[in-house]
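Protein chains: 2
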Amino acid sequence: MEKGIVQVFGNGTASSEQLEHLLESEGYVMQQAQNLESLQEVVLRDRPSAVVIDLDEFGDSTWSACQELKDDLATRKAALILLSSNDDENLRIKGLEAGADDFVAKPYSPRELLARLKAIARRITSGDAKRIRVKDIEIDLDEHRVRKAGKPIDLTYIQFKLLYLLASRRNNVFSRKEILEKVWGKKVYVTNRTVDVHIKRLREKLGEYKYPSQYIETIHGTGYRFL
Amino acid sequence: MEKGIVQVFGNGTASSEQLEHLLESEGYVMQQAQNLESLQEVVLRDRPSAVVIDLDEFGDSTWSACQELKDDLATRKAALILLSSNDDENLRIKGLEAGADDFVAKPYSPRELLARLKAIARRITSGDAKRIRVKDIEIDLDEHRVRKAGKPIDLTYIQFKLLYLLASRRNNVFSRKEILEKVWGKKVYVTNRTVDVHIKRLREKLGEYKYPSQYIETIHGTGYRFL
DNA sequence: TTTTATTATGCAATCAATATGCCATTACCC
DNA sequence: GGGTAATGGCATATTGATTGCATAATAAAA
Numbered sequence: 002m003e004k005g006i007v008q009v010f011g012n013g014t015a016s017s018e019q020l021e022h023l024l025e026s027e028g029y030v031m032q033q034a035q036n037l038e039s040l041q042e043v044v045l046r047d048r049p050s051a052v053v054i055d056l057d058e059f060g061d062s063t064w065s066a067c068q069e070l071k072d073d074l075a076t077r078k079a080a081l082i083l084l085s086s087n088d089d090e091n092l093r094i095k096g097l098e099a100g101a102d103d104f105v106a107k108p109y110s111p112r113e114l115l116a117r118l119k120a121i122a123r124r125i126t127s128g129d130a131k132r133i134r135v136k137d138i139e140i141d142l143d144e145h146r147v148r149k150a151g152k153p154i155d156l157t158y159i160q161f162k163l164l165y166l167l168a169s170r171r172n173n174v175f176s177r178k179e180i181l182e183k184v185w186g187k188k189v190y191v192t193n194r195t196v197d198v199h200i201k202r203l204r205e206k207l208g209e210y211k212y213p214s215q216y217i218e219t220i221h222g223t224g225y226r227f228l
Numbered sequence: 002m003e004k005g006i007v008q009v010f011g012n013g014t015a016s017s018e019q020l021e022h023l024l025e026s027e028g029y030v031m032q033q034a035q036n037l038e039s040l041q042e043v044v045l046r047d048r049p050s051a052v053v054i055d056l057d058e059f060g061d062s063t064w065s066a067c068q069e070l071k072d073d074l075a076t077r078k079a080a081l082i083l084l085s086s087n088d089d090e091n092l093r094i095k096g097l098e099a100g101a102d103d104f105v106a107k108p109y110s111p112r113e114l115l116a117r118l119k120a121i122a123r124r125i126t127s128g129d130a131k132r133i134r135v136k137d138i139e140i141d142l143d144e145h146r147v148r149k150a151g152k153p154i155d156l157t158y159i160q161f162k163l164l165y166l167l168a169s170r171r172n173n174v175f176s177r178k179e180i181l182e183k184v185w186g187k188k189v190y191v192t193n194r195t196v197d198v199h200i201k202r203l204r205e206k207l208g209e210y211k212y213p214s215q216y217i218e219t220i221h222g223t224g225y226r227f228l
């Protein structure tokens, strides 16, 4: 998660409005939802990078919701934060053990919640090497340079970020949404098609011509992966 | 971090003794340290998987310590938790922004601290791929890839979700209705027959040919189950 | 055994996702 | 400001996946 959608399950309050403003100023988009029943549906559609659930409102059904979030391929990586005005230790532990990344007591400070969200995000995205070598491709983050078989390849800014992202986790499949968030960041104003276009250009520069792809593989219905 | 050393910077208290016992019962080893000055040294030697720093004792020198921890390759992945009896919002935010993964108020519950430690650990370790393994089938969620006896099997999006669902709860019988809900989402209108078709193709790709099924069993009148 | 219900499967139509040429727009650099 | 490179994304072609009918096979019930 870099930037993205934050899905909040709970009613609007003064705090949540403040939170929304804060999130927006940081490039997130916040959405509210009134019931957990539609969780699967909403979450499947929007693929939020973080989900906040208010235990006060949803009570025990929250637990099964946590389970669903963790089980679903689309959301298993989303940051999950629980809110509750019940400050009971056992409840907090239960929440954390149910898979939540954090548990915040109400009334909460929107600024703190945001800070916690970012702390989780740091962890999710951590792991960045300065230099990556894959097959005959060499990527140097500091020099901002890419070589293929020793010969420099001229990549544009976006192409470089894209390649670096894909190559940083070889074999990992990145959805277009993930790519958009990590390469473009912030509120994304560009469409999925744009990702395709940049992949195409990147492939060209890497010298892809034959099928199957030597470097960047398309996973139909899912995304791309660097081989 | 799976299990490992937890380095605690702060004095022994009743809580910290309890914490030590808890950690030990979970397979961690706890070490206490009295001063931050030797932090780098201590931490370089022991490579703890988690570091807990008590702000009450170390005050402002904590910030530079956080920085050091984050800068050092050996420790930048360690979970970092700050403790403080000062429950000020700004302090908490400062801590989180300084790179801490969590901020816990004193007096703290050792059990909760452990739960928080584990929650962070989940995020850190989720770097190495999540896998389900059943018989000679291996499902890798991040790579979105399935292997049978080590050899990759190409599954389409739906096939992958279907397999993941069935395999995630082995021996559980899934009705077609359940399958439709989990794979297609709650309000998609495809028929039961469609499920059959996808099961068929999945079986093909898994190399099912003989009877009885080796992987996916049909429960007549009920649904399917992964053996 | 016969009947009925359920499941398996080949196949064609439909639908969806991706690749790519092309051009408008924007950013960058002398 | 003019020229050049980079970006965004539409439109279209292409490729790939999904759906469900029709029919066969199988299991359960009578």
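Here the protein sequences line up with chains U and V, keeping their order. The opening position of the first sequence corresponds to residue 2 in this note's numbering, with each subsequent residue numbered one higher. The opening position of the second sequence corresponds to residue 2 in this note's numbering, with each subsequent residue numbered one higher. Cβ coordinates follow ideal geometry from the N, Cα and C atoms, glycine included. Only a predicted model underlies this, so the values are computations on that prediction, with no experimental measurement involved.
Proximal chain V residues relative to residue i, where beta-carbon distance stays under 9 angstroms
| i | result |
| --- | --- |
| H221/U | T157, Y158 |
| I200/U | Going along chain V, no residue has its Cβ under 9 angstroms from I200/U, so there is no contact; the nearest lies around 17 angstroms. |
Among the options, the one whose alpha carbon lies nearest that of residue i
| i | options | result |
| --- | --- | --- |
| G28/V | K206/V, L115/V, L181/V | L115/V |
| R171/U | A150/U, E218/U, G208/U, C67/U | E218/U |
| A75/V | E58/V, L84/V, R46/V, D102/V | R46/V |
| T195/U | S50/U, K178/U, V174/U, D102/U | K178/U |
| E160/V | I138/U, T223/U, P111/U, A150/U | One detail in the question is off: residue 160/V reads as Gln in this sequence, not Glu. Checking every option, the nearest Cα to that of Q160/V belongs to T223/U. |
| F175/U | E144/V, Y225/V, K188/V | E144/V |
| D102/U | N193/V, N173/V, L92/V, I125/V | I125/V |
| L228/U | K136/U, V191/U, T192/U | K136/U |
| E90/U | Q68/V, R117/V, V191/V | R117/V |
| Q41/V | E21/V, D73/V, L84/V, K201/V | D73/V |
| V30/U | S214/U, V189/U, N173/U | V189/U |
| L167/V | V191/V, I200/V, L92/V, N193/V | I200/V |
| E69/V | K119/V, S39/V, D197/V | S39/V |
Chain U contact residues for residue i, given Cβ-Cβ distances below 8 angstroms
| i | result |
| --- | --- |
| L97/V | E113, A116, R117, K119, A120 |
| R124/V | D102, I121, R124, I125 |
| Y165/V | L74 |
Residues near residue i by beta carbon distance below 6 angstroms, same chain, minus five either side
| i | result |
| --- | --- |
| T63/V | I54, L56 |
| E3/U | Note that E3/U scores a pLDDT of 37, beneath 50, so its modelled location is shaky and nothing firm can be said. |
| I138/V | K149 |
| A34/U | F10, V43 |
| Q8/U | Q32, P49, V52 |
| V147/U | I140, I154, L156 |
| G5/V | S50 |
Cut-off 7 angstroms between Cβ atoms - residues of its own chain near residue i, not counting five sequence neighbours on either side
| i | result |
| --- | --- |
| K71/V | R77, G100 |
| L97/U | F104 |
| L142/U | K131, R132, Y165 |
| G208/U | K149 |
| D88/U | A106 |
| Y210/V | none |
| N193/U | R177 |
| I220/U | V174, R226 |
Closer than 7 angstroms at the beta carbon, the chain U residues around residue i
| i | result |
| --- | --- |
| S110/V | E90 |
| D61/V | Result: empty, since nearest Cβ-Cβ is about 19 angstroms, beyond 7 angstroms. |
| I94/V | R112, E113, A116 |
Per-residue contacts from residue i into chain V (C-beta, under 8 angstroms)
| i | result |
| --- | --- |
| E42/U | G186, K187, K188 |
Beta-carbon contacts of residue i that lie in its chain and below 8 angstroms, excluding the five residues immediately before and after
| i | result |
| --- | --- |
| L37/U | F10, I54, F59, S62, T63, A66 |
| L23/V | P111, R112, L115 |
| L1/U | Nothing can be reported for residue 1/U: it is not among the residues displayed for chain U, which extend from 2 to 228. |
| R134/U | I140 |
| K206/V | I154, D155, L156, Q160 |
| S1/U | No information on residue 1/U is available, as it lies outside the stretch 2 to 228 that chain U covers here. |
| S214/V | R204, L228 |
| S20/V | Note that residue 20/V is Leu in the sequence shown, not Ser. Within the same chain, L20/V has close Cβ partners V9, M31, P111, L114, L115. |
Proximal residues of chain U, C-beta to C-beta of residue i below 9 angstroms
| i | result |
| --- | --- |
| I169/V | Rather than Ile, the amino acid found at residue 169/V in this sequence is Ser. Residues of chain U passing the Cβ test: D72. |
| K162/V | L74 |
Partners in chain V for residue i, counting only beta-carbon separations shorter than 7 angstroms
| i | result |
| --- | --- |
| N172/U | E144 |
| L45/U | G186 |
Complete runs of the beta strand (DSSP E) confined to the segment 89-132 of chain V [at least 3 residues]: The qualifying runs are 103-106.
Cβ pair count under 8 angstroms reaching 3, the segment 8-23 of chain U against the segment 91-111 of chain U: Yes, since at least three Cβ pairs between the segment 8-23 of chain U and the segment 91-111 of chain U fall closer than 8 angstroms, the two stretches touch.
Could you pull out every unbroken beta strand (DSSP E) segment of at least 3 residues lying fully inside the segment 146-224 of chain V, listed in chain order? Scanning the segment 146-224 of chain V from its first residue to its last, the whole beta strand (DSSP E) runs of 3-plus residues come out as 146-149, 152-154, 174-176, 217-220.
Segments of 4+ residues assigned as alpha helix (DSSP H) that fall wholly inside the segment 45-74 of chain V: DSSP runs (the alpha helix (DSSP H)) wholly in the segment 45-74 of chain V: 56-59, 62-72.
For the segment 4-45 of chain U, list the alpha helix (DSSP H) runs that are entirely contained and at least 4 residues long, ordered along the chain. Counting only runs of 4 or more residues that sit fully inside the segment 4-45 of chain U, the alpha helix (DSSP H) segments are 15-26, in chain order.
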